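> Sequential numbering from 8 applies to the sequence shown in my numbering.
All C-beta atoms, glycine included, are put in the ideal place defined by N, C-alpha and C.
These numbers were taken from a predicted model, which means no experiment stands behind them.
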Amino acid sequence: MLTVDFARLPVGPGVRVLDLGCGGGRHAFEVLRRGAEVIAFDMDQAELDNVANMFAAMDKAGEVPPDASGRTVQGTALDMPFEDGSFDRVIAAEVLEHIPDDMAAMAEIFRVLRPGGTAAITVPSFLPERICWALDEAYHTAPGGHVRIYTLAELSAKLKSTGFEIGPHHHAHGLHSPYWWIKCAVGVNNDDHPLAKAYHELLVWDIMKRPAVTQIAEAVLNPIIGKSVVLYVKKP
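#1: Near Val24, which residues of its chain fall below 6 Å by C-beta distance, leaving aside the five closest residues on each side in sequence?
#2: How long is the line joining the alpha carbons of Asp86 and His177, rounded to whole angstroms?
#3: Buried or exposed: which applies to Asn60, given that a residue is buried once 16 or more other Cβ atoms fall within 10 Å of its Cβ?
#4: Taking Phe171 as the reference, give the member of Pro122, Arg217, Gly69 with the closest Cα.
#5: In whole angstroms, give me the CA-to-CA distance for Lys67 and Arg78.
#6: Straight-line CA distance for Tyr206 to Ile232?
#7: List in chain order: all unbroken alpha helix (DSSP H) runs of 4+ residues lying wholly within the segment 149-218.
#8: Please determine, among Ala99, Ala145, Val227, the residue with the shortest C-alpha to C-alpha distance to Gly181.
#9: If I measure Cβ to Cβ from Gly152 and keep anything under 8 Å in the same chain, skipping five residues before and after, which residues do I get?
#10: Under a three-way DSSP split, which group does Lys241 fall into?
#11: Is it the case that the segment 202-219 contacts the segment 153-168, given that we only count it when at least three CB pairs across the two stretches are under 8 Å?
#12: CB Val102 to CB Gly28, shorter than 7 Å?
#13: Just reading off the alpha helix (DSSP H) that Ile138 is part of, what are its end residues?
#14: At which residues does the alpha helix (DSSP H) containing Val58 begin and terminate?
#15: Anyone know if the C-beta pair for Met113 and Thr83 falls short of 7 Å?
#16: Is it right to say Trp187 is buried, meaning 16 or more other beta carbons lie within 10 angstroms of its own, or is it exposed?
#17: Do you know how far the Cα of Pro20 is from the Cα of Val80?
#18: In the DSSP output, what is Ser235 paired with across the bridge?
#19: Between Gly31 and Leu9, what straight-line distance do the alpha-carbon atoms span, to the nearest angstrom?
#20: Provide the residue(s) that pair with Arg78 in DSSP beta bridges, ordered along the chain.
#21: If distances are taken between C-alpha atoms only, which option among Arg41, Leu55, Ala53, Asp56 comes closest to Pro73?
#22: Report the CB separation of Leu238 from Leu134 in whole angstroms; it is logged as a contact under 8 Å.
Right, here's the structure in full:
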């Protein structure tokens, strides 16, 4: 399930990409499939071990184009172990809402991105996120959870003050917002609730099969209740 639109963030052979806060590696895997060099960066070594194993499996299965490469690096977004201007592209998907000093993280993204490079920044959209916070305090008070709710205006202003040129944006995962509202209403950790289980099965079916009906529904819902907002910015 990709949040970033790679038509707006083109990657390919000869392009060096940082997937900041890569988590399970969904964007890093897509970057690798497209033939670029990708570094999957995260604080969680267990997640990085899984990503590294998948990189190896993709290579063994012949899914990695010639000259493409993927590796993992552990560290923090506030002090990344990379030289200035190291990357052509940076992906920071659902990361900044977890970081108390978000502007320090933005400054680090700006630093490691080369002049003329582009970053894709995604955070939870304001309305769906605000509803989740209202329904269940545990949703955002768990250790490592979300510490703020961004408006698009706030996110854009902070990135602009960091030095970025603000580009286009879009919303994603409109079908996922109702799932999280259900989860928050029944208890965010109550995965066995029948309604939550049923909706989760719908989402898995959508991800695996991508039927036309759900693609159309998501396209309609994204601008209204898309779970994530994606903003593309450029370093001058």
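Reading off the structure:
#1: To locate residue 24, count along the sequence shown from 1; it is residue 17. Within the same chain, and ignoring the five residues on either side of Val24 in sequence, the residues whose Cβ sits closer than 6 Å to its Cβ are Val18, Val38, Ala43, Val45, Arg96.
#2: The residue given as residue 86 occupies position 79 in the sequence shown. The residue given as residue 177 occupies position 170 in the sequence shown. Spanning the two alpha carbons is a distance of roughly 29 Å.
#3: Locating residue 60 in the sequence shown gives position 53, counting from the first residue. That one is exposed.
#4: Looking up residue 171 in the sequence shown gives position 164. Residue Pro122 is the option with its Cα nearest to Phe171.
#5: Within the sequence shown, the letter at position 60 stands for residue 67. Within the sequence shown, the letter at position 71 stands for residue 78. Near 15 Å, if we compare the C-alpha coordinates of Arg78 and Lys67.
#6: Translated into positions along the sequence shown, residue 206 becomes position 199. Translated into positions along the sequence shown, residue 232 becomes position 225. Distance from the CA of Tyr206 to the CA of Ile232, rounded to the nearest whole angstrom, comes to 16 Å.
#7: Runs of the alpha helix (DSSP H) inside the segment 149-218: 159-169, 183-193, 201-216.
#8: Along the sequence shown, read from residue 1 onward, the residue named residue 181 stands at position 174. Comparing Cα-Cα distances from Gly181 to each of Ala99, Ala145, Val227, the minimum goes to Val227.
#9: In the sequence shown, counting from the first residue as 1, residue 152 sits at position 145. The residues are His105, Tyr146.
#10: Along the sequence shown, read from residue 1 onward, the residue named residue 241 stands at position 234. If DSSP states are grouped into helix, strand and coil, Lys241 belongs with the strands.
#11: Short answer: they don't touch.
#12: By one-based count along the sequence shown, residue 102 stands at place 95. By one-based count along the sequence shown, residue 28 stands at place 21. The answer is yes: Cβ separation under 7 Å.
#13: Here residue 138 is taken as the residue at index 131 of the sequence shown, counted from 1. Counted as a single uninterrupted DSSP element, the alpha helix (DSSP H) harbouring Ile138 occupies residues 133-142.
#14: On the sequence shown, position 51 is the one that residue 58 refers to. It spans 52-67 - the alpha helix (DSSP H) in which Val58 sits, taken as one unbroken run.
#15: For the purposes of this step, residue 113 is taken as residue 106 along the sequence shown, with counting starting at 1. For the purposes of this step, residue 83 is taken as residue 76 along the sequence shown, with counting starting at 1. Not a contact, by the Cβ cut-off of 7 Å.
#16: Residue numbering aside, residue 187 sits at position 180 when the sequence shown is read from its first letter. By the neighbour-count rule (16 or more Cβ atoms within 10 Å), Trp187 is buried.
#17: Indexing the sequence shown from 1 puts residue 80 at position 73. Indexing the sequence shown from 1 puts residue 20 at position 13. Cα-Cα distance, rounded: 21 Å.
#18: Position 228 of the sequence shown holds residue 235. For Ser235, which the question treats as bridged, DSSP gives the partners Pro131, Ala179.
#19: Translated into positions along the sequence shown, residue 31 becomes position 24. Translated into positions along the sequence shown, residue 9 becomes position 2. So the alpha carbons of these two residues sit roughly 12 Å apart.
#20: Start at 1 with the first residue of the sequence shown, and residue 78 comes out as number 71. In the DSSP assignment, Arg78 forms a beta bridge with Ile46.
#21: Your numbering for residue 73 matches position 66 in the sequence shown. Ranking Arg41, Leu55, Ala53, Asp56 by Cα distance to Pro73 puts Arg41 first.
#22: Within the sequence shown, residue 238 is the residue found at index 231, counting from 1. Within the sequence shown, residue 134 is the residue found at index 127, counting from 1. That belief does not hold up - the Cβ atoms of Leu238 and Leu134 are roughly 16 Å apart, past 8 Å.
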